[in-house]
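Here my numbering is used: the first residue of the sequence shown is 3, the next is one more, and so on. Each remark here refers to the structure printed beneath this line.
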Amino acid sequence: MNDTISKSAHAHAYARGAQLRPCLLALAIAAAYAPAVVLAESDDVLDASLTAGIGALGGDRAERAQFGQYNGLRTTGKALVILGGDYYRRNDEAGTSVQAQGSNLLGQTREFDLLWKKQGDWKFGTAFSQGVRYEPYTVNSGLQGAGGTNPQVTLLGSAGSGGDDVLRLRRTALGLSLWNALSPSMNLQATVKTERKQGSRLSGVGMNCPSAAAISCGSGTGATTDAAVLYLPEPLDSVHNQVEARLSYAGEGLSLSTGYYGSFYNNANGSLNPVIPATLNNPAGTPLPLGSGLQGLLGQPLALAPDNLAHQFDLTGQYAVAPTTQLRMKLGYGQALQHQDYASAGLSGAPAGVSSLSGKVVTSSALLGLSTRPLPKLSVHADLRYEDKDDKTPLLPYNIEGTTTSTNRQLSSTRVRAKLQGRYQFSSVYSGSLVASSESIDRGVFTPSSSVAGLSALRQKTRESGLAADLRRSLSENVSATVGLARSERSGSNWLRDNSGLGVTEVADPNSPGSGLGATAIYMPTLADRQRDTLKLRTDWQPSDELSLQLSADTGHDRYNTPSSQGLRNSNNSQLALDAAYALSERWNLNGYVARARQTLLQSRPASYILSYTNTADSLGLGVSGKPVSKVEVGTLLSHVSDRSRYAQTLDAGASSDSVLLLAATGGLPDIVYRQTQLKLFSRYEIDKLSAARVDLVHQRVHLADWTWGYNAVPFSYSDGTTVWQKPDQAVTAISVSYTHRWQ
């Protein structure tokens with residue numbers, strides 16, 4: 003299909019009319035005219051094309067919520083304009099060439115690339131791109147100053163009586179690259195990239211009084227609103243600059259490379275400072291005055307992403323010890339810094355005399371690798387990796403929970419990973435591999451002045467070891483199959499109990515009465531003992547020159563073992579996919595695919611719900627392409643995706659009577675469903691050797707049911723009457739006609 007139609011996984015890009023930005027126009031002019039100055043026309047090889055066209059798009063904002071999420075077509079009009087092209091010019095005598103490509107130049111997702119080089123001597127490149135993401139949900143709100151840093155919340159008279167907001171995030175990026183051969187064995191490469199993000203995205207705040215952080219807020223009398231959730235979109239206006247330089251040397255048997263990477267992030271918005279009214283709706287939708295202290299808590303400044311920077315240096319090398327043996331190494335050092343001033347960001351309340359976090363994390367890493375072939379049929383690879391993260395951020399008393407004060411936590415860690423892999427060719431039919439791996443993580447001594455909320459226990463050290471094997475057999479010249487098995491097991495040191503700002507206590511026996519953690523303790527799945535088993539199967543079969551089939555199947559199971567019956571207990575995942583291609587004749591081809599992915603997990607909470615979650619995703623597609631006559635090419639692709647999440651719920655024996663009544667009345671959470679059906683059609687007519695016309699048509703239907711943002715056609719409602727909604731059934735049709743002319 004035409005690239006001007008397919009621009010994302012869920013939609014197709016059509017450009018809308020707009021004026022080119024000056025920088026983009028300048029790049030286009032440079033690409034078109036600069037080559038003529040440096041190349042002799044008599045020796046030039048030229049290949050260029052220009053594509054222009056028009057189109058029409060159906061549906062309104064609500065219909066295009068999914069279709070226009072990433073291609074810039076959520077809020078455009080009905081008419082579309084297409085403009086794109088490429089340019090290539092080469093001079094063989096001078097060894098120089100210029101290549102430029104532009105797509106969707108009049109749309110919101112335009113791209114332009116230019117590469118100018120002299121073979122084996124130098125290269126210069128530049129790239130410009132714009133991308134946009136529209137929030138698929140429509141927000142109806144009375145919020146004033148939405149998308150700014152000082153929004154004012156307004157209580158609506160009734161839900162849905164405000165104005166509609168369609169949130170948008172735009173990215174604009176410009177990059178420059180340079181490569182230069184300093185000598186036959188040494189070269190220098192440098193790149194600079196800057197990206198700006200502007201717009202806003204869905205976010206908010208909420209508070210339920212009283213809480214551990216605000217014991218005195220709320221009255222609890224029923225005459226006030228003591229819990230509230232508010233829509234406050236995050237304002238985005240940031241610039242991320244990246245610089246990279248690398249010096250490389252390649253000699254006989256030895257290659258070395260040293261490099262620098264720098265990241266510099268600046269956010270024009272330091273904090274979000276909302277204005278909160280004195281009256282909001284309670285959970286039942288009744289407007290009531292806010293409980294004691296709740297207005298002030300909801301109106302506190304919200305810190306946004308702070309300015310930060312990072313520097314990384316590395317030295318890599320490879321040495322051929324023998325014709326069949328190579329050594330590899332890599333050394334790295336980096337610093338990540340965050341020292342934005344609190345006052346300049348609009349934040350207050352820091353400890354006395356503290357103006358910024360002064361965050362600093364130093365990372366040191368090393369890699370040593372060996373690749374060898376000791377026998378003609380045996381190859382061996384070994385890697386040993388070391389990484390140390392040293393958090394040097396100063397410890398200060400930022401957290402106040404009631405009468406307890408605690409500091410931030412230093413998150414240092416040391417990670418060591420090792421892998422040994424061998425592959426052996428048993429015969430012309432059989433080959434196999436065996437991989438042994440291990441990983442150990444030491445998170446260092448827990449910061450004694452910090453505290454952890456929501457978790458019963460931590461772990462300083464974890465260790466994981468794994469073994470994987472696969473066997474490949476060529477059943478014939480046209481059939482091959484590979485089967486693989488893997489198992490890994492993770493364990494760790496004794497569990498640690500947090501003492502709320504007074505350090506941690508090592509718990510040798512979590513089930514011990516009095517000194518243990520209790521049967522209802524919650525353990526992090528990433529720290530828990532775990533056994534993981536996986537099975538993989540791959541088959542390639544070509545029964546004839548016309549037909550080819552590929553089958554792949556994966557299944558995996560995780561079992562978690564903790565001293566408690568609560569938390570995540572096990573999870574499973576499986577995937578099955580079949581791809582086929584068939585040549586109906588010399589002019590016609592048929593291809594298709596069908597796939598299913600399934601994921602399940604079982605988890606529980608003490609005195610609450612036991613959840614068995616299942617997600618099933620099915621996809622299929624069928625395409626036909628061919629040439630009914632010599633100058634005409636046609637094609638079609640019909641695809642369907644269905645994704646369903648099920649939440650089967652039961653109750654723990656200690657669940658409250660309210661939970662029992664609620665589950666009996668509702669039956670638990672409903673399914674979340676997403677279905678998309680898409681039809682693509684195209685026809686291309688070759689007018690002559692240098693020009694062609696093309697017609698593209700796309701029709702997409704989407705159905706979704708998501709209880710997280712509404713149920714039974716009732717949208718989710720915030721405490722000020724703001725609602726969030728997305729049309730459950732959407733249909734969009736787009737058609738375009740384009741003309742391409744080529745110069746050679």
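For glycine and all other residues, C-beta sits at the position ideal for the given N, C-alpha and C. Quantities reported herein were computed from a predicted structural model and do not represent experimental measurements.
Three-state secondary structure (DSSP) at residue i?
{"i": "ALA270", "result": "coil"}
{"i": "ASP620", "result": "strand"}
{"i": "VAL431", "result": "coil"}
{"i": "ALA488", "result": "strand"}
{"i": "ALA67", "result": "coil"}
{"i": "GLN302", "result": "coil"}
{"i": "MET3", "result": "Note that MET3 scores a pLDDT of 37, beneath 50, so its modelled location is shaky; the value from the coordinates is reported in the next line. MET3 falls in the coil class under three-state DSSP."}
{"i": "LEU158", "result": "coil"}
{"i": "THR668", "result": "helix"}
{"i": "LEU397", "result": "coil"}
{"i": "ASP333", "result": "According to the sequence shown, residue 333 is Leu rather than Asp. Three-state result, LEU333: strand."}
{"i": "LEU457", "result": "coil"}
{"i": "GLN297", "result": "helix"}
{"i": "SER659", "result": "helix"}
{"i": "THR151", "result": "coil"}
{"i": "THR416", "result": "strand"}
{"i": "THR710", "result": "helix"}
{"i": "GLY57", "result": "strand"}
{"i": "THR326", "result": "coil"}
Grab me the residues of residue i's own chain with a C-beta within less than 7 angstroms of its C-beta, minus the 5 sequence neighbours each way, in chain order.
{"i": "LEU48", "result": "ARG91, TRP745, GLN746"}
{"i": "ASN275", "result": "THR151, ASN152, PRO303, GLY348"}
{"i": "ALA715", "result": "none"}
Beta-carbon within less than 6 angstroms of residue i's beta-carbon, same chain only, minus the 5 sequence neighbours each way: which residues are those?
{"i": "GLY201", "result": "ARG170, LEU171, ARG172, LEU238"}
{"i": "SER740", "result": "THR53, GLY55, ILE84, ARG696"}
{"i": "ARG540", "result": "THR484, SER554"}
{"i": "ALA338", "result": "ALA312, VAL363"}
{"i": "GLY334", "result": "ASP316, SER367"}
Anyone know if the C-beta pair for residue i and residue j falls short of 8 angstroms?
{"i": "ARG203", "j": "GLU254", "result": "no"}
{"i": "ARG248", "j": "GLY261", "result": "yes"}
{"i": "LYS332", "j": "VAL363", "result": "no"}
{"i": "LYS120", "j": "THR98", "result": "yes"}
{"i": "GLY625", "j": "LEU604", "result": "no"}
{"i": "ASN496", "j": "VAL506", "result": "no"}
{"i": "GLY348", "j": "GLN314", "result": "no"}
{"i": "PRO674", "j": "ASP708", "result": "Reading off the sequence shown, one finds Ile at residue 674, where the question assumed Pro. Yes, Cβ-Cβ distance for ILE674 and ASP708 is below 8 angstroms."}
{"i": "SER452", "j": "SER408", "result": "yes"}
{"i": "ARG589", "j": "ARG561", "result": "no"}
{"i": "PRO435", "j": "SER467", "result": "Here the sequence assigns Ser to residue 435, which means Pro is not the residue at that position. No, Cβ-Cβ distance for SER435 and SER467 is not below 8 angstroms."}
{"i": "HIS705", "j": "ASP722", "result": "no"}
{"i": "SER621", "j": "ALA597", "result": "yes"}
{"i": "ALA599", "j": "ALA585", "result": "no"}
{"i": "GLN342", "j": "ASP316", "result": "no"}
{"i": "LEU529", "j": "LEU551", "result": "no"}
Counting C-beta neighbours from all protein chains within 10 Å, is the total for residue i 16 or more, i.e. buried, or is it exposed?
{"i": "ALA67", "result": "buried"}
{"i": "LYS729", "result": "buried"}
{"i": "GLY220", "result": "buried"}
{"i": "VAL155", "result": "buried"}
{"i": "ARG489", "result": "exposed"}
{"i": "LEU504", "result": "exposed"}
{"i": "ILE278", "result": "buried"}
{"i": "GLU95", "result": "exposed"}
{"i": "TYR136", "result": "buried"}
{"i": "TYR713", "result": "exposed"}
What does DSSP give as the partner residue(s) for residue i in the beta ladder?
{"i": "ASN284", "result": "The partner list for ASN284 (beta bridge, DSSP) is empty, contrary to what the question assumes."}
{"i": "HIS642", "result": "LEU622, THR679"}
{"i": "GLN552", "result": "ASP542, ASP581"}
{"i": "MET526", "result": "According to DSSP, MET526 bridges with nothing at all."}
{"i": "GLN568", "result": "In DSSP, GLN568 forms no bridge with anything."}
{"i": "LEU339", "result": "LEU311, LYS362"}
{"i": "ALA650", "result": "SER614"}
{"i": "ALA247", "result": "ALA192, TYR262"}
{"i": "ILE443", "result": "ARG417, THR464"}
{"i": "GLU113", "result": "SER105, SER131"}
{"i": "LYS199", "result": "ARG173, SER240"}
With a threshold of 8 angstroms on Cβ separation, who are the neighbours of residue i within its own chain once the five nearest residues in sequence on each side are excluded?
{"i": "ALA609", "result": "THR522, ASP654, GLY656, ALA657, SER658"}
{"i": "SER606", "result": "SER567, GLN568, GLY569, ARG571, ILE612, LEU613, ASP654"}
Please determine whether the Cβ atom of residue i lies at a distance below 7 angstroms from any heavy atom of the ligand ATP.
{"i": "GLU236", "result": "Because no ligand of any kind appears in the structure shown, any question about the ligand ATP cannot be addressed here."}
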